[in-house]
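Enquirer:
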Amino acid sequence: MSLPGQIALSSRLRAAFTPVASVSMPARPSLSAQLSQALILGGLIGFQALDSLTTHLGLALQHEELNRLMAPIMATRGELVAYAMKGTALAVLLAVLMLMHRRTPRVWQAYLVAGWLSAAAVVANVVQLLV
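The letter at position 94 of the sequence shown is residue 80 when you use my numbering, and the numbering goes up by one with no holes.
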């Protein structure tokens, strides 16, 4: 016969020493999923870098800033501050991705959209440079 305190203690001990393998963890993505995620991430970062480069070239050639959110910042604070803000925003987005990518796999679709928007910004900058 066991006492009520012993039952509570034994259940706590059992819970404390439960093997880690019995805790459900999300499955690791397949190799093709990892490659597509790397492509999305590389594309996003690459297009952001190209956007900064083409923006700098356009501003050096006296073109206007096409991004309506960044234009007032560049006009009042300067180009370097705008690039610092853009880099900070990208770092925050990447931190969110690192924290959420296993729990919410759909977050990759948002980053894919962000990559396409960055690509569109680069195309718009190149068109402005060529015209």
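Backbone N, C-alpha and C define an ideal beta-carbon position, used for all residues, glycine too.
Just curious, the alpha helix (DSSP H) that His42 is in, first and last residue?
Expert: It spans 17 to 46 - the alpha helix (DSSP H) in which His42 sits, taken as one unbroken run.
Enquirer: Asn53 lies in the alpha helix (DSSP H); which residues open and close that run?
Expert: Note, Asn53: premise wrong, no alpha helix (DSSP H); not H, not E.
Enquirer: DSSP state of Gly64, grouped into three classes?
Expert: coil
Enquirer: Once the 5 residues before and after Tyr97 are set aside, which same chain residues still bring their CB inside 8 Å of it?
Expert: Ile26, Leu27, Leu30, Leu79, Leu83
Enquirer: Cα-Cα, which of Leu116, Ser18, Ala107, Leu39 is closest to Arg54?
Expert: Nearest C-alpha to Arg54: Ala107.
Enquirer: Please report the distance separating the alpha-carbon of His49 from that of Leu43.
Expert: 9 Å
Enquirer: Assuming contact is defined by CB atoms lying nearer than 8 Å, are Leu52 and Gln114 in contact in what I supplied?
Expert: yes
Enquirer: From the DSSP output, in three-state form, read off Thr90 for me.
Expert: coil
Enquirer: With a Cβ-Cβ cutoff of 8 Å, do Ala46 and Ile59 count as a contact?
Expert: no
Enquirer: Let me make sure I understand the geometry here. Which of Thr90, Gln23, Glu65 has the alpha-carbon closest to that of Ser38?
Expert: Glu65
Enquirer: Look at the alpha carbon of Pro91 and the alpha carbon of Met71, and state the distance between them as a whole number of angstroms.
Expert: 27 Å
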